[in-house]
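In this note's numbering, the protein residues as written are 2 to 412. Ideal Cβ positions, reconstructed from N, Cα and C, are used throughout, including at glycine.
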């Protein structure tokens, strides 16, 4: 394991990581831009998170059950530093301008035009640092008739096509239990940032600012994972609808109840796997049915297949069902709760559940956090530090890079 040095605030620097030496200035709140910053920080970039003095990122208070900082913030903003700078003031804007020459990346998710009003427009940023990569995340992108409109992930998931497909067909559209639209956008922003950095490093001269600017829209990020939603409509006139626990056009694939009151997800939707599944549940009649030999036929008779599979699972415990299916290489799994995830042997073996000591309202508690993805080597890399306390790095960072005292930054 590479040696790690501890810098002020408990932040650990690992020089051997892939992005070591890259410095990111994160002007982002909530989830989208901070997710991109987290991805870069996880693999060695020094991410300096700028927060409003006294209150900080509002995410600190979301799902806050005890203490002063939520586990949501601690998770999304791990491996970062926090500095308090008021971007709404001239002093704060000057401080950012002094930091820009020392950074490789500026990451932000304000509404388009906000940074321009703060004197941080593209022309100014380019003049301050002609090698700077700028990653912008917004609801609808930096251009187009809706570019100036606000929007959170809930809106983007609706307008990106996802919300219409989630839930039961006879109920209003539902939502996933996490802000998936923000997370997808954050992943794209991190990927785009790395591409721009690669081009910058491999080009004989710095690319123009247009090629160093990443424009990620929440709604487009959601649209990009909607598979063939648009082509199916355009080519065949097919309007996909909500199908509950299934997925359109693929069968059998659903959640099935077991005798002990727990559920399993079974995905028997390839031709060969379907045959093995029918053998396990002792339905030779369905295995021999020629209409069910292909996915198209199985989808037409999906209700019948779900009944047959559900009748079998209902006779056995969840563990028995999973043991039988796994023995025949049939994709299946339990529906995990948070408790199940913490206890999962597979996740633990890959260091994907990591324990940290956290101060919660004056009490030090052992808290589990999800590990770093993707794995490089055999196990997830260690989380070097959790999401920082507000302003823990302000003095050290501003004195090191900006020659500005924290008091001025707060003006």
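- About 13 Å separates the beta carbon of residue 154 from that of residue 224, a gap too long to meet the 8 Å contact definition.
- Residue 34 places its beta carbon less than 8 Å from that of residue 138.
- Following the DSSP letters along the chain, one finds residue 296 inside the alpha helix (DSSP H) bounded by residues 296 to 301.
- The DSSP assignment places 24 to 28, 47 to 52, 81 to 85 as complete runs of the beta strand (DSSP E) inside the stretch 12 to 100, in order along the chain (cut-off: 3 residues).
- Counting along the chain, residue 255 sits inside the beta strand (DSSP E) bounded by residues 254 to 258.
- Checking the DSSP bridge columns, you'll see residue 369 partnered with 356.
- Taking 8 Å as the upper bound for CB-CB distance, residue 397 and residue 83 are not in contact here, some 11 Å apart.
- Here residue 170 has 242, 243, 244, 245 as same chain residues with Cβ atoms under 8 Å from its own Cβ, once five neighbours each way along the sequence are excluded.
- DSSP places residue 292 within a helical segment (H, G or I) once states are collapsed to three.
- The beta carbons of residue 64 and residue 73 sit closer together than 8 Å.
- Boundaries of the beta strand (DSSP E) around residue 334: 333 to 335.
- DSSP places residue 214 inside the beta strand (DSSP E), whose first and last residues are 214 to 218.
- Separation of residue 304 and residue 121 (C-alpha to C-alpha, rounded to the nearest whole angstrom) is 57 Å.
- Separation of residue 190 and residue 135 (C-alpha to C-alpha, rounded to the nearest whole angstrom) is 10 Å.
- Annotated three-state conformation of residue 139 is strand, per DSSP.
- It is roughly 12 Å from the alpha-carbon of residue 96 to the alpha-carbon of residue 401.
- With distances taken between CA atoms, residue 298 lies nearest to 271 out of 271, 23, 351, 316.
- With a cutoff of 8 Å on beta-carbon distance, residue 369 and residue 355 are scored as near each other.
- In the DSSP assignment, residue 268 falls within the unbroken beta strand (DSSP E) covering 264 to 268.
- Using a 10 angstroms sphere on the CB of residue 395, the tally of other CB atoms reaches 16 or more, which defines it as buried.
- Comparing C-alpha distances from residue 273 to each of 88, 211, 289 shows the shortest one belongs to 289.
- Residue 214 is classed as buried because its beta carbon has at least 16 other beta carbons within 10 Å across all chains shown.
- In this structure, DSSP gives residue 121 a state outside helix and strand, which the three-state scheme calls coil.
- Taking C-alpha positions only, residue 59 is separated from residue 229 by approximately 36 Å.
- If the five residues before and after residue 353 are omitted, its C-beta is found closer than 7 Å to the C-beta atoms of 371, 372, 381, all from its own chain and listed in chain order.
- Distance from the CA atom of residue 81 to the CA atom of residue 87, rounded to whole angstroms, is 18 Å.
- Here the alpha carbon of residue 212 sits roughly 12 Å from the alpha carbon of residue 195.
- When DSSP states are grouped into helix, strand and coil, residue 169 belongs to the coil group.
- Residue 242 carries a coil assignment under DSSP once its states are collapsed to helix, strand and coil.
- Taken through DSSP and simplified to helix, strand or coil, residue 231 comes out as helix.
- Proximity to residue 112 across 89, 99, 143, 125 peaks at 143, based on C-alpha coordinates.
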